[in-house]
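Structure, as structure tokens:
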Amino acid sequence: MKVLVVGSGGREHALIWKLSQSPEVQAIYCAPGNGGISELAEPVEIGPEDLEALAEFAETKDVDLTIVGPEGPLAKGIVDVFEKRGLRIFGPGKAAARLESSKAFAKTLMKKYHVPTGQFAVFDDAQAARAYVRQVGAPIVVKADGLCGGKGTIVASTLSEALGAIDLLMEDHIFKQAGERIVVEERLQGEEASIIVLTDGTTAVPLLTSQDHKRLLDHDKGPNTGGMGAYAPAPVVTDALAKQIMTQVIHPTLKGLANEGILFRGVLYAGLMMTPEGPKVLEYNVRFGDPELQAILPLLKSDLVSLLDDTVEGRLSADHCEWQEGSCVCVVLASQGYPGEYQIGKEIKGLDKLKGREGVAVFHGGTKRDRNRFVTWGGRVLNVVATDVDIESAVKKVYRAIDDISYEGMVYRKDIAWRAMKKPITR
Ligand code: AMP
Ligand code: GLY
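Here you go:
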């Protein structure tokens, strides 16, 4: 089988690492890829949102299956473009991708089909939004309706912060069209977890539960980022809660979409808050989580390409997915300054020491290959991943591996998985 992966981050590197272990896979292309990915896949110089060029490439190279990493191309309708040409592709169509590309659509669907989520209201008019926020009071959450690369949500502790957020989105248009409509939402309290399922529209097979760490600094301080680390499975989601999430969230969402005439095939990801009243949906994504997938895939025993193929073909079954015992932790190594401005081009040292180390993998996020060395080429540079019998051993192993890596301005969190360990990590 020839496979094309669309995207260029740690999530795509993890996908390709796992795909490359499949006896079914003969060739892997990645558009556009990154330095680390180029060791396992042939790089293709086409941007992830250049849909027609990607379809042309897949057709010319007789690609059997295209797998889409990020949300941008899904929201733009890459699946519809490929399917129109008779090309096989893994992911939801444009209409189904609205679950992620329009928060107003997602919240309205949840309300209609009784999926547990916070109270909310949708506004196209700043004046009306301000009046609502004044009436409800803080704390409150203000969200841009459209895609903003994870930056469109403001959790406001005070009324003036909330009013400021409305101004930024609706008057200053910092996210252009994506913020013309907003969702104002009740702030939920609790521990977050990510539930990611593969679905062919009727059957939904959950992957291992996981937890992301969105804040830049230890103890969940500092600004929100694209994710500084993750681990799987997440003990906060007990077996009973996992079942409850399938019956109260995942199945009603898929049934609701079907009722609206929308088929969902691909990955459905529910970002949940485990509140005292039970799990409630914060957001849906229509793709694998990054960095969650980097911590999930190393524990997958089954063949990934067969699973994705079964999803596309509508013949998914729960017994297709087998997991290794134990835990996996992923720590993101970032560039000094991220998520603000940062420098690139710094030489990365020590990667060779980790090659072949049992239970350790390094997935590149933002790197470039420069002759026979790697240099930093983004804000989130590397994902160091370790698997072991339990979370404590996996955490020890991952930080020991990180001690072997260095580059100028390397920053990372020292407390990844602290919630699962239930005690502070001292290093
Ligand atoms: P979102 O943009 O919806 O993915 O949200 C990004 C992050 O903002 C989430 O992972 C939460 O940490 C936080 N967040 C979003 N919605 C809420 C909410 N209703 N209550 C509390 N925190 C929220
Ligand atoms: N880890 C959060 C996301 O992928 O959106």
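For the numbering used here, add 35 to where a residue sits in the sequence shown, where the first one is 1. Note that CB positions come from ideal geometry on N, CA and C, so glycine has one too.
Item, Value
"Measuring only the C-alpha atoms, how far is I460 from R448?", "Confidence at I460 is low in this model, with a pLDDT of 48, below 50, so the placement of that residue should be treated as unreliable; the coordinate-derived value is given next. Going from the Cα of I460 to the Cα of R448 covers about 11 Å."
"Assuming I437 is part of the beta strand (DSSP E), what are its boundary residues?", "Looking at the DSSP string, I437 is not in any beta strand (DSSP E); the run it does join, the alpha helix (DSSP H), is I426 to I437."
"Among P326, E227 and R216, which has the Cα closest to the Cα of V271?", "E227"
"Out of curiosity, what's the CA-to-CA distance linking E215 and N320?", "20 Å"
"Just to check, is the beta-carbon of L303 closer than 7 Å to a non-hydrogen atom of the ligand AMP?", "no"
"Please identify the residue among L89, E135 and A161 whose C-alpha is closest to the C-alpha of I81.", "L89"
"Below 7 Å, is the gap between the Cβ of E106 and the nearest heavy atom of the ligand AMP?", "no"
"Between I383 and S441, what straight-line distance do the alpha-carbon atoms span, to the nearest angstrom?", "6 Å"
"Using CA atoms only, rank isn't needed, just tell me which of I102, E59, E84 and I51 is closest to E74.", "I51"
"Find out if the Cβ-Cβ distance for the pair G296, D247 is shorter than 8 Å.", "no"
"Ordered along the chain, which non-local residues of its own chain (more than five positions away) have a Cβ less than 7 Å from that of G257?", "R250 and L251"
"Do V340 and S43 have their beta-carbon atoms positioned less than 8 Å apart in this structure?", "no"
"For S370, which of helix, strand or coil comes out of DSSP?", "strand"
"Should the segment 340 to 352 be regarded as contacting the segment 53 to 67, the criterion being three or more beta carbon pairs within less than 8 Å?", "yes"
"Take every Cβ of the segment 144 to 160, pair it with every Cβ of the segment 192 to 199, and state whether three or more of those distances are shorter than 8 Å.", "no"
"Using a Cβ-Cβ cutoff of less than 6 Å, which residues in the same chain neighbour N259 once the five nearest sequence positions on both sides are dropped?", "K249"
"Classify T273 as buried or exposed, calling it buried when 16 or more other Cβ atoms lie within 10 Å of its own Cβ.", "exposed"
"Does the contact criterion of 3 or more C-beta pairs under 8 Å hold for the segment 290 to 310 versus the segment 127 to 139?", "yes"
"Alpha carbon to alpha carbon, how far is T402 from E220? Give it in angstroms, no decimals.", "37 Å"
"With three or more beta-carbon pairs closer than 8 Å as the criterion, would you say the segment 356 to 363 touches the segment 425 to 442?", "yes"
"Answer yes or no: do E47 and V38 have a C-beta to C-beta separation smaller than 8 Å?", "no"
"Kindly examine the ligand GLY and report whether one of its heavy atoms sits closer than 7 Å to the Cβ of D325.", "yes"
"Please state whether DSSP places F155 in a helix, a strand or coil.", "strand"
"Which residue from G413, L243 and L182 puts its Cα closest to that of V367?", "G413"
"Look up S229 in the DSSP assignment and give the residues it is bridged to.", "S245 and G306"
"Please name the residue or residues paired with W453 in a DSSP beta bridge.", "Paired residues: none, contrary to the question."
"Could you check whether the Cβ of G262 sits closer than 7 Å to any heavy atom belonging to the ligand GLY?", "yes"
"Thinking just about the alpha-carbon of each residue, which of W358, D438, E318 and D405 is nearest to the one in A139?", "E318"
"Taking DSSP as the reference, what is the three-state secondary structure of V116?", "helix"
"Taking just the CA atoms, how far does P105 sit from D99?", "20 Å"
"Tell whether a beta-carbon distance below 8 Å holds between G444 and A421.", "no"
"Taking 7 Å as the cut-off, is the CB of N320 close to at least one heavy atom of the ligand GLY?", "yes"
"Got a sec, what are the start and stop residues for the beta strand (DSSP E) R250 sits in?", "R250 to L252"
"With A396 as the anchor, note down where its beta strand (DSSP E) starts and where it stops.", "V395 to H399"
"For L198 and R165, I'd like the C-alpha separation in whole angstroms.", "6 Å"
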